[in-house]
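A short write-up of the structure that comes next.
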Amino acid sequence: MSEEPFIHLAGVRKVYRTGRKEHLAISDATFDVMPGELVSLVGPSGCGKSTLLKILSGLHPHDGGEVRIGSATHPFDPARDVGMVFQAPLLLKWRRIIDNVLLPAEILGLPMAAARGRARDLLALVGLTGNEDKYPYELSGGMQQRAAIARALVHDPRLVLMDEPFGALDALTREKMNLELLRIWKESGKTIVFVTHGISEAVFLGTRVVVFTAGPARMADNFAIDLAHPRTLDMKTNEQFGVYTRRIYRLLGME
Amino acid sequence: MDRLNSNASRWTFAIIAHVGLVVAWYLFVELGNVPKFVMPSPQATLNALLNPSYGWWSNIAVTGTEIFGGYLLALGVGVLLALVFTWSHTLEALFLPLLVTLNMIPKVALGPLIIVWFKYGVFPNTLMAFSIAVFPILLTTARGLREIEPELLDLVRSLRGSRWQLFTKIQLPGALPYIFSGMKVASILAVAGAVVGEFLGSDRGLGYLMLQVQVTLDTPAMFMAVLLITLIGMLLYGMVLLLERLLVVRDARVA
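Chains as they are written, first to last, in my numbering: chain E, 1 to 255; chain B, 256 to 510.
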């Protein structure tokens with residue numbers, strides 16, 4: 001592929017200082033993400049993967065190396081071009097689902113009539129048609145997270161950052177949400193960076209997996225997942241899937 | 256037990272309990288031959304209301320003014336101070352610990368001082384109601400404004416939302432349930448503050464009237480005064496509940 005990468009990271013370093021102590025959160029992250037990819041960042045707690053998301057979102061500066069997102073012809077605007085999904089849905093309890101989805105559009109000052117139409121379309125995309133006027137407490141955890149995904153897409157960002165979005169869901173809902181996310185990703189065509197603890201989740205979702213290890217935090221591996229799309233749950237039992245997951249287990253010192 | 260949870264049956268039970276208390280009161284006085292100066296019957300209490308020499312209406316107006324005036328003052332000052340504290344961390348660090356200490360002063364003990372400073376009458380009693388009601392509102396509001404999930408903050412920041420947007424869209428509506436929980440506590444305290452103020456020094460009001468009729472062991476009038484004070488308190492509390500119902504989504508309410 002001669003295509004230019006959407007995200008280019010080279011030797012990215014991040015140090016947190018608390019008083020006189022320095023804590024190396026990321027030592028040397030180097031990888032590219034092509035437009036439309038779904039890249040999984042996998043690793044244990046404290047390996048810097050969430051920190052990397054904050055750097056990509058522009059919330060935190062990096063201390064060294066190069067972070068390039070977008071291109072000269074199509075520059076990246078971190079305010080408008082990032083959608084975020086967290087482990088908790090973080091829906092505002094006092095807003096109806098549709099108004100929760102509209103929050104980023106309100107903050108960015110987008111034309112509301114158009115945004116409202118788009119929010120409805122997105123709620124349909126995530127399978128929440130008919131729930132527009134409900135309050136968050138009327139929805140299950142999985143449904144709330146679907147609404148949070150719709151919220152992350154409402155301002156049509158080019159990059160969606162997901163920080164363990166399904167970590168708090170039960171195992172069955174999580175499997176279902178994985179399939180849903182793949183469908184949403186295909187239909188929306190977004191570039192997604194997906195942070196997870198789950199090794200099999202990382203392989204199942206990713207076009208590419210970047211592995212981080214903790215203590216000290218560093219990037220340990222980066223490889224493409226060559227499994228066909230659309231992915232199906234029975235792929236988890238095939239041989240190639242096992243090769244990928246074992247590769248990650250080995251890196252994380254669990255084998 | 257589902258029937259117990261329906262609204263209609265809850266109302267029925269509430270009414271039964273209240274009527275039951277009055278009936279028990281009636282039976283106790285009638286069957287026990289309790290002297291009127293110890294405990295008047297419900298009818299004797301009601302009869303006191305029909306006697307114009309007590310000046311019920313003007314006394315209700317006085318005590319009501321003190322309660323509502325002190326309460327509204329407490330609401331305004333309490334919420335305003337809490338807002339100032341969230342906007343300036345220096346002021347919060349300086350004054351919040353001080354206010355927590357001041358809150359430990361038994362406000363009733365300030366009564367004689369307030370009389371020295373402001374003579375006696377409606378204004379000092381309003382101040383008594385205010386001084387006792389302001390702290391719960393201030394402290395719960397300040398807490399509510401502080402309670403914001405860090406990730407929600409990240410979400411707003413990633414969209415480059417302004418401080419004002421964060422405040423109006425997230426902080427203030429998020430703090431409403433806390434403000435109301437403080438307002439409910441304060442409504443009960445404001446009543447106590449105004450009445451104690453009248454006990455300590457006053458020439459008008461239901462509390463003052465109680466001291467007047469106490470001298471002649473006019474217990475029915477004392478009962479009636481207590482009843483009327485209670486009703487004023489219930490009116491205030493009911494208005495707060497109604498307002499909460501209108502402004503706060505069910506799930507977000509703090510018990």
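From the three backbone atoms N, C-alpha and C, an ideal C-beta is built for every residue, glycine too. Computed from a predicted model, the values in this text were never measured in an experiment.
Give the residues of chain B in contact with residue i, contact being defined as C-beta atoms less than 9 Å apart.
i        : result
E/Met143 : Within 9 Å Cβ-Cβ: nothing; E/Met143 doesn't reach chain B, min ~14 Å.
Which same chain residues end up closer than 7 Å to residue i when comparing Cβ atoms and leaving out the 5 residues on each side of it in sequence?
i        : result
E/Leu38  : Trp185, Ile192, Phe194, Leu205, Gly206 and Thr207
E/Glu22  : Val15
E/Thr129 : Leu123
E/Arg20  : none
E/Leu110 : His155
B/Met479 : Thr300, Ala303 and Leu304
E/Gln144 : Pro89, Leu91 and Pro136
B/Val440 : Pro391
Hey, how far is the Cα of residue i from the Cα of residue j?
i        : j        : result
B/Glu404 : E/Leu92  : 11 Å
B/Ser386 : B/Phe373 : 14 Å
B/Ile271 : B/Leu497 : 23 Å
B/Ala337 : B/Trp266 : 36 Å
E/Leu56  : E/Leu161 : 8 Å
B/Phe435 : B/Glu499 : 7 Å
B/Leu276 : B/Asn314 : 26 Å
B/Leu305 : B/Val481 : 16 Å
B/Val470 : E/Glu138 : 59 Å
E/Lys236 : E/Gly242 : 7 Å
B/Pro475 : B/Trp311 : 13 Å
E/Phe86  : E/Ala148 : 8 Å
E/Leu52  : E/Ala25  : 9 Å
E/Pro89  : B/Val446 : 42 Å
E/His155 : E/Gly189 : 14 Å
B/Thr320 : B/Ala348 : 35 Å
B/Thr341 : B/Ala397 : 7 Å
E/Ser27  : B/Tyr433 : 43 Å
E/Glu201 : B/Thr423 : 38 Å
B/Arg418 : E/Glu187 : 35 Å
Please report whether the beta-carbon of residue i lies at a distance below 8 Å from any beta-carbon of chain E.
i        : result
B/Glu499 : no
B/Val503 : yes
B/Ile403 : no
B/Leu410 : yes
B/Ile484 : no
B/Lys291 : no
B/Ile425 : yes
B/Leu491 : no
B/Leu400 : no
B/Asp506 : yes
B/Glu453 : no
B/Leu407 : yes
B/Pro544 : One cannot answer for residue 544 of chain B here, as it falls past the ends of chain B, which runs 256 to 510.
B/Pro428 : yes
List the residues of chain B that residue i touches, going by C-beta distances under 8 Å, in chain order.
i       : result
E/Ser58 : Note on identity: in this sequence residue 58 of chain E is Gly, with Ser being the wrong assignment. Result: Ser413.
E/Pro61 : Those do not exist, as E/Pro61 stays about 13 Å from chain B at its closest Cβ, beyond 8 Å.
With a threshold of 8 Å between beta carbons, is residue i in contact with chain B?
i        : result
E/Tyr16  : no
E/Phe279 : The structure shown does not extend to residue 279 of chain E, since chain E is modelled only from 1 to 255, so the question has no answer here.
E/Lys236 : no
E/Ala79  : yes
E/Lys93  : yes
E/Leu90  : yes
E/Tyr244 : no
E/Ala103 : A small fix is needed here, since residue 103 of chain E is Leu in this sequence, not Ala. True, the Cβ-Cβ gap to chain B drops below 8 Å.
E/Tyr135 : yes
Tell me which same chain residues have a C-beta within less than 6 Å of the C-beta of residue i, skipping the five on either side of it?
i        : result
B/Gly324 : Thr381
E/Gly64  : Arg13
E/Gly70  : Phe76
E/Ala105 : Ala115, Val154 and His155
For residue i, which residues from the same chain have a beta carbon less than 8 Å from its beta carbon, with the 5 sequence-adjacent residues on both sides left out?
i        : result
B/Leu407 : Ile425
Which chain E residues are close to residue i, counting only those with a beta carbon under 9 Å from its beta carbon?
i        : result
B/Gln420 : Glu106 and Ile107
B/Gly533 : The requested residue 533 of chain B does not occur in the structure, where chain B is confined to residues 256 to 510.
List the residues of chain B that residue i touches, going by C-beta distances under 7 Å, in chain order.
i       : result
E/Val82 : Ser413
Find the residues of chain E that neighbour residue i, judging by a C-beta separation of less than 8 Å, and give them in chain order.
i        : result
B/Gly416 : Ile107
B/Glu321 : Simply none; closest approach about 34 Å.
Mind pulling the chain E residues with CB within less than 7 Å of residue i?
i        : result
B/Leu496 : Neighbours of B/Leu496 on chain E: none; closest Cβ ~17 Å, over 7 Å.
Which of the residues in the segment 177 to 208 of chain E, read from start to end, lie with their CB under 9 Å from any CB of chain B? Legend: CB atoms of the segment 177 to 208 of chain E lying less than 9 Å from CB atoms of chain B are not found in any residue.
Give me the subset of the segment 206 to 231 of chain E whose CB atoms are less than 8 Å from a CB atom of chain B, sorted by chain position. Residues of the segment 206 to 231 of chain E with a C-beta less than 8 Å from any C-beta of chain B: none at all.
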